[in-house]
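*Asks:*
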C-alpha cells in the first residue's frame with residue numbers, strides 16, 4: 001500500500017510518500033515541501049499548492065492520501081491558511097479518485113513515537129528510524145508529512161479490522 | 001463592472017452576481033446557494049463547491065470575485081469548512097484569471113447598511129432595496145453574497161482613488 005501524507009500549510013506544505021504493508025518495513029518513496037512566497041497574493045499561493053498536490057498525486061499514484069486534521073483552536077494566526085491548504089489536498093485527492101483519510105496531530109505522534117504529545121525532534125527521529133534514513137528529514141513539515149503517511153499505513157489495517165469486527169457484531173445482534 | 005460575491009460555507013455557499021458602476025444603480029444578474037449534504041465525505045463536498053464556483057465564474061465572467069474574509073475567532077465549530085470554501089473560491093478565481101478582493105463581514109455590513117454591526121435582516125432588506133427587488137433574497141447566504149458584491153462595487157473605486165492619491169503624495173514626497 002502506498003500513502004501520500006500531506007502536512008498542510010500555506011508557507012510550507014509537506015508532502016511525503018511511503019510504501020508499506022502490515023508486518024513489513026516502510027519505505028520512503030518521495031518527500032518534498034511545497035513553498036509559496038509570503039508576499040504573493042493568497043489566490044496565487046493557494047493555486048500553486050493545489051497544482052503541486054495534484055501533480056504529486058498524479059506522479060506517485062497513492063492508494064490513500066492522508067491529511068492532517070486541522071483544529072480551529074490551535075495557532076489562530078496561521079490556522080486559516082492551514083485549513084485552506086488541507087481543503088485543497090482533499091479536493092486534489094477526491095478529483096483523482098484517491099480515498100482520503102484524516103488523522104489528528106496527536107494520532108500521528110502516537111503512531112510513530114508511542115506518545116500523543118511527542119515533540120517535533122522525537123517525531124523526526126522516529127520517522128528516520130522507521131524509514132531507515134541516516135538523518136531526520138528536514139524541515140519539520142517534511143518529517144510530519146512522512147509521519148502522517150506512516151500513521152495511516154499502520155492505522156488503516158487496524159481500523160479496517162475494527163470496522164469488520166463491529167460489522168460482525170452488528171450482524172449477530174440483528175440475527176443475520 | 002461585474003462582481004461575483006461569494007459567502008463561503010460548506011453546507012451553504014452563497015454566490016451573487018451584481019452589475020454596477022459608480023453613480024449608477026446596481027443590477028442583480030444572478031444569485032444562487034451551493035449546497036452540499038452534511039453526510040457526504042468532506043472531499044466530495046469541497047470538490048462540489050470548487051466545481052460550482054468555477055462554473056459560475058465561467059458562466060458570468062465577472063471582473064472581480066469578492067470573497068468574505070474569514071476570521072478564526074468566529075464560529076469555531078464551522079470556521080474550518082468556511083475557510084476551506086473561501087480558499088476554493090480564491091483558487092477558482094485565480095485559475096480563471098479574475099482578480100480577487102476580500103472584505104470583512106463588518107465592511108460588507110457597513111457598505112450596504114451604514115453600520116458594521118447590522119443584523120442579517122437589515123443586510124437583506126438593504127440588498128433588496130439597492131437591487132430593486134420586491135423581497136429579501138433568501139436564504140441569508142444568498143443575501144450576504146450579493147451584499148459582498150455590492151460592497152466591492154462601491155468600495156473598489158474609492159480604494160483605487162485612495163491608492164492613486166497616496167501614490168501622488170508619495171511621488172511628491174520623493175521629489176519625482
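Chains as they are written, first to last, in full-length UniProt numbering: chain A, 1 to 176; chain B, 1 to 176. A virtual CB, placed ideally from N, CA and C, is assigned to each residue, including glycine.
Determine, for residue 44 of chain B, whether the minimum Cβ-Cβ distance to residues of chain A falls below 8 Å.
*Replies:* Mapped onto the second chain, residue 44 of chain B falls at position 44. Chain A contact via Cβ: present.
*Asks:* Can you pull the chain A residues whose beta carbon is under 8 Å from the beta carbon of residue 94 of chain B, in chain order?
*Replies:* Start at 1 with the first residue of the second chain, and residue 94 of chain B comes out as number 94. Chain A residues near residue 94 of chain B: 41, 43, 44, 46 and 47.
*Asks:* Just how far apart, CA to CA, sit residue 31 of chain A and residue 124 of chain B?
*Replies:* Residue numbering aside, residue 31 of chain A sits at position 31 when the first chain is read from its first letter. Residue numbering aside, residue 124 of chain B sits at position 124 when the second chain is read from its first letter. Approximately 49 Å between the Cα atoms of the pair.
*Asks:* Would you kindly work out how many angstroms separate the C-alpha atoms of residue 121 of chain A and residue 135 of chain A, rounded to a whole number?
*Replies:* Working through the first chain from its first residue, we reach residue 121 of chain A at position 121. Working through the first chain from its first residue, we reach residue 135 of chain A at position 135. Straight-line Cα distance between these residues: approximately 11 Å.
*Asks:* With DSSP as the reference, label residue 112 of chain B as helix, strand or coil.
*Replies:* Within the second chain, the letter at position 112 stands for residue 112 of chain B. The answer is helix: DSSP assigns residue 112 of chain B an H, G or I state.
*Asks:* Check whether the stretch 106-121 of chain A touches the stretch 158-171 of chain A, counting contact only when three or more Cβ pairs, one atom from each stretch, lie closer than 8 Å.
*Replies:* Counting Cβ pairs under 8 Å, fewer than three are found: no touch.
*Asks:* Among all the DSSP beta bridges, which residues are the ones paired with residue 103 of chain A?
*Replies:* By 1-based counting over the first chain, the position of residue 103 of chain A is 103. Paired residue(s): A:68.
*Asks:* Residues in the same chain with beta-carbon distance under 8 Å from residue 60 of chain A, minus the five sequence neighbours each way, listed in chain order, please.
*Replies:* Reading the first chain from its first residue, position 60 is the one you call residue 60 of chain A. If we look at residue 60 of chain A and ignore the five residues flanking it on each side, its Cβ neighbours are 2, 4, 17, 29 and 30.
*Asks:* Measure the alpha-carbon distance for residue 154 of chain B versus residue 97 of chain B and round it to whole angstroms.
*Replies:* To locate residue 154 of chain B, count along the second chain from 1; it is residue 154. To locate residue 97 of chain B, count along the second chain from 1; it is residue 97. Approximately 22 Å between the Cα atoms of the pair.
*Asks:* How long is the line joining the alpha carbons of residue 54 of chain B and residue 95 of chain B, rounded to whole angstroms?
*Replies:* Residue 54 of chain B sits at position 54 when you count from the first residue of the second chain. Residue 95 of chain B sits at position 95 when you count from the first residue of the second chain. Distance between the alpha carbons of residue 54 of chain B and residue 95 of chain B is about 9 Å.
*Asks:* Distance check for residue 86 of chain B and residue 82 of chain A, CA to CA, integer angstroms please.
*Replies:* Stepping through the first chain from its first residue, residue 82 of chain A is reached at position 82. Stepping through the second chain from its first residue, residue 86 of chain B is reached at position 86. For residue 82 of chain A and residue 86 of chain B, the distance between alpha carbons rounds to 12 Å.
*Asks:* With a cut-off of 8 Å, does the C-beta of residue 90 of chain A fall near any C-beta of chain B?
*Replies:* Within the first chain, numbered from 1, the residue matching residue 90 of chain A stands at position 90. Closer than 8 Å: yes.
*Asks:* Applying the 10 Å Cβ sphere with the 16-neighbour rule, what's the burial state of residue 8 of chain A?
*Replies:* Locating residue 8 of chain A in the first chain gives position 8, counting from the first residue. Residue 8 of chain A comes out buried.
*Asks:* If you reduce the DSSP assignment to three classes, tell me which class residue 63 of chain B lands in.
*Replies:* As a first step, residue 63 of chain B must be located in the second chain, where it is residue number 63. Coil.
*Asks:* I need the DSSP call for residue 13 of chain A, collapsed to helix, strand or coil.
*Replies:* Counting from one through the first chain, the residue named residue 13 of chain A turns up at place 13. Here residue 13 of chain A sits in strand by DSSP.
*Asks:* Quick check: what's the CA-CA separation for residue 104 of chain A versus residue 105 of chain B?
*Replies:* Translated into the one-based positions of the first chain, residue 104 of chain A becomes position 104. Translated into the one-based positions of the second chain, residue 105 of chain B becomes position 105. Rounded to the nearest angstrom, the two C-alpha atoms are 30 Å apart.
*Asks:* Identify every residue that forms a DSSP beta bridge with residue 30 of chain A.
*Replies:* On the first chain, position 30 is the one that residue 30 of chain A refers to. Answer by DSSP bridge pairing, in chain order: A:17.
*Asks:* Give the DSSP-derived three-state secondary structure of residue 87 of chain A in the structure shown.
*Replies:* For the purposes of this step, residue 87 of chain A is identified with residue 87 of the first chain, where counting begins at 1. Reduced to three states, the DSSP call for residue 87 of chain A is helix.
*Asks:* Considering only C-alpha positions, which residue in the set B:48, B:20 and B:21 is nearest to residue 10 of chain B?
*Replies:* Taking the second chain and counting its residues from 1, the one referred to as residue 10 of chain B is at position 10. The candidate whose alpha carbon is nearest that of residue 10 of chain B is B:48.
*Asks:* Could you list which residues in chain A have their beta carbon closer than 7 Å to that of residue 83 of chain B, in chain order?
*Replies:* Here the question's residue 83 of chain B lines up with position 83 in the second chain. Near residue 83 of chain B (Cβ distances below 7 Å), the residues of chain A are 80, 83 and 84.
*Asks:* Have a look at residue 79 of chain A and residue 42 of chain A and give me their C-alpha separation to the nearest angstrom.
*Replies:* In the first chain, residue 79 of chain A corresponds to position 79, counting from 1. In the first chain, residue 42 of chain A corresponds to position 42, counting from 1. If you take the alpha carbons of residue 79 of chain A and residue 42 of chain A, they lie about 14 Å apart.
*Asks:* Using a Cβ cut-off of 7 Å, pull out every chain A residue sitting near residue 50 of chain B, in sequence order please.
*Replies:* Here the question's residue 50 of chain B lines up with position 50 in the second chain. 91, listed in chain order.
*Asks:* Which first and last residues belong to the beta strand (DSSP E) in which residue 5 of chain B is found?
*Replies:* Indexing the second chain from 1 puts residue 5 of chain B at position 5. Per DSSP, residue 5 of chain B belongs to the beta strand (DSSP E) from 2-7.
*Asks:* Helix, strand or coil, according to DSSP, for residue 24 of chain A in the structure here?
*Replies:* For the purposes of this step, residue 24 of chain A is identified with residue 24 of the first chain, where counting begins at 1. DSSP places residue 24 of chain A in coil when its eight states are reduced to three.
*Asks:* Rounded to the nearest angstrom, how far is the Cβ of residue 19 of chain A from that of residue 26 of chain A, given a contact under 8 Å?
*Replies:* As a position in the first chain, residue 19 of chain A is number 19, starting the count at 1. As a position in the first chain, residue 26 of chain A is number 26, starting the count at 1. So it is a contact: roughly 7 Å between Cβ atoms.
*Asks:* Against chain A, with Cβ distances strictly below 8 Å, would residue 114 of chain B count as a contact?
*Replies:* Working through the second chain from its first residue, we reach residue 114 of chain B at position 114. False, the Cβ-Cβ gap to chain A never drops below 8 Å.
*Asks:* Can you give the Cα-Cα distance for residue 165 of chain A and residue 148 of chain A, rounded to whole angstroms?
*Replies:* On the first chain, residue 165 of chain A is found 165 positions in, with the first residue counted as 1. On the first chain, residue 148 of chain A is found 148 positions in, with the first residue counted as 1. For residue 165 of chain A and residue 148 of chain A, the distance between alpha carbons rounds to 25 Å.
*Asks:* Give me, in chain order, the residues of the same chain whose beta-carbon lies closer than 6 Å to that of residue 34 of chain B; leave out the 5 immediate sequence neighbours on both sides.
*Replies:* Indexing the second chain from 1 puts residue 34 of chain B at position 34. Closer than 6 Å at Cβ, skipping near neighbours: 13, 49 and 52.
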